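**Student:** Counting in my numbering, the sequence shown runs from 81 upward without gaps.
What follows is a single structure, and I will ask about it in a moment.
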Amino acid sequence: MIQTPPVQSAGDINVLKTQFADPAREFGFMPLWCWNDDLTDEGLIEQIGEFYEKGFGGFIIHPRNGLSRRIGYLTEEFFRLVKLVVAEAARLEMKVILYDEAGYPAGSARGAVGDIAEVLINDQRVGVQAWAPYIISLNEVCHLGKNRVQIRVTNSMANRYDGRQLPSGLIGPVTLRN
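Structure representation (structure tokens):
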């Protein structure tokens, strides 16, 4: 993060006004770049070049409905493309922000997240796991003798925040190991 020195005089204020009216690339706008087609390496690199030419200091990758099945969401191909555009952005000294979701509800990874396991030990929340294997270290919170272990399972992040405890697809018994 770049910090500017405190304003000391009217001259400093004029400099700040000028910088505000025409910000450096790193403080300018960043387009929300919707990925909703069958993307190609060449097409992505070309679009980044256009962002750069227009003076943008970076972009926000936003996977959307319409992303081709060939690419998919959170697949090896998806991450290969993310690495490709991050490398190109680095070469051009541009910033990249990864939008945290593809669709609604947030946190569901377009339906890929099936179950959420929240673990409490002695009424202290120690972690949440959104996919198998549901492994959480309990070493810091367990003590000698009896411990109260609670595992709350919901079938999606949206249901977790909504408070609905729907039947889960979590299969098999819970096993505690040391």
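Glycine included, every Cβ here is placed at the ideal spot set by N, Cα and C.
Note that this is a predicted model, so its numbers are computed, not measured.
Buried or exposed: Gly-138, going by 16 or more other Cβ atoms within 10 Å of its Cβ?
**Tutor:** Residue numbering aside, residue 138 sits at position 58 when the sequence shown is read from its first letter. The residue in question, Gly-138, is buried, as its Cβ has 16 or more Cβ neighbours within 10 Å.
**Student:** So Ile-151 and Leu-119 are in contact, right, with Cβ under 8 angstroms, and what is the actual spacing, rounded?
**Tutor:** As a first step, residue 151 is located in the sequence shown; it is residue number 71 there, counting from the start. As a first step, residue 119 is located in the sequence shown; it is residue number 39 there, counting from the start. Sure, about 6 angstroms apart at Cβ, within 8 angstroms.
**Student:** Taking just the CA atoms, how far does Arg-228 sit from Gly-135?
**Tutor:** In the sequence shown, residue 135 corresponds to position 55, counting from 1. In the sequence shown, residue 228 corresponds to position 148, counting from 1. Near 57 angstroms, if we compare the C-alpha coordinates of Arg-228 and Gly-135.
**Student:** Along the chain, where does the beta strand (DSSP E) containing Leu-124 start, and where does it finish?
**Tutor:** On the sequence shown, residue 124 is found 44 positions in, with the first residue counted as 1. Looking at the DSSP string, Leu-124 is not in any beta strand (DSSP E); the run it does join, the alpha helix (DSSP H), is 121-133.
**Student:** Check Val-165 in the structure and name its three-state DSSP category.
**Tutor:** One-based indexing of the sequence shown puts residue 165 at position 85. Three-state result, Val-165: helix.
**Student:** What is the rounded straight-line gap between the Cα of Arg-171 and the Cα of Phe-107?
**Tutor:** Reading the sequence shown from its first residue, position 91 is the one you call residue 171. Reading the sequence shown from its first residue, position 27 is the one you call residue 107. Near 18 angstroms, if we compare the C-alpha coordinates of Phe-107 and Arg-171.
**Student:** Please report how far the alpha carbon of Phe-100 lies from the alpha carbon of Glu-198, in whole angstroms.
**Tutor:** Numbered from its first residue, the sequence shown carries residue 100 at position 20. Numbered from its first residue, the sequence shown carries residue 198 at position 118. Roughly 45 angstroms separates the two Cα atoms.
**Student:** For a test of the three-state rule: what should DSSP assign to Lys-226, helix, strand or coil?
**Tutor:** Residue numbering aside, residue 226 sits at position 146 when the sequence shown is read from its first letter. Here Lys-226 sits in coil by DSSP.
**Student:** Taking the beta carbon of Val-95 as the centre, do at least 16 other beta carbons fall within 10 Å, making it buried, or is it exposed?
**Tutor:** Locating residue 95 in the sequence shown gives position 15, where the first residue counts as 1. Label assigned to Val-95: exposed.
**Student:** Need the endpoints of the beta strand (DSSP E) that Glu-198 sits in, please.
**Tutor:** One-based indexing of the sequence shown puts residue 198 at position 118. From DSSP, the beta strand (DSSP E) with Glu-198 extends over 196-201.
**Student:** Just reading off the beta strand (DSSP E) that Pro-103 is part of, what are its end residues?
**Tutor:** Within the sequence shown, the letter at position 23 stands for residue 103. Run containing Pro-103: none; DSSP gives neither H nor E here.
**Student:** Ends of the beta strand (DSSP E) at Phe-139?
**Tutor:** By one-based count along the sequence shown, residue 139 stands at place 59. Segment 138-143, the beta strand (DSSP E) holding Phe-139.
**Student:** Shortest alpha-carbon distance to Pro-111 belongs to which of Glu-220, Arg-232, Glu-156 and Leu-178?
**Tutor:** Counting from 1 along the sequence shown, the entry for residue 111 is found at position 31. Comparing Cα positions, the closest option is Leu-178.
**Student:** Counting only the same chain and skipping the five closest in sequence on each side, list residues whose C-beta sits under 7 angstroms from that of Val-221.
**Tutor:** Within the sequence shown, residue 221 is the residue found at index 141, counting from 1. Closer than 7 angstroms at the Cβ level, and outside the excluded window around Val-221, lie Ile-201, Asn-202, Gln-204 and Val-206.
**Student:** Ordered along the chain, which non-local residues of its own chain (more than five positions away) have a Cβ less than 8 angstroms from that of Ile-128?
**Tutor:** Locating residue 128 in the sequence shown gives position 48, where the first residue counts as 1. Counting only Cβ-Cβ distances below 8 angstroms, and skipping sequence neighbours, we find Phe-139, Val-165, Glu-168, Ala-169, Leu-172 and Met-174.
**Student:** At which residues does the beta strand (DSSP E) containing Ile-215 begin and terminate?
**Tutor:** Residue mapping note: residue 215 aligns to position 135 of the sequence shown, counting from 1. Per DSSP, Ile-215 belongs to no beta strand (DSSP E) and is neither H nor E.
**Student:** From Gln-209 to Phe-159, what distance separates their C-alpha atoms?
**Tutor:** Numbered from its first residue, the sequence shown carries residue 209 at position 129. Numbered from its first residue, the sequence shown carries residue 159 at position 79. The alpha-carbon atoms of Gln-209 and Phe-159 are separated by roughly 21 angstroms.
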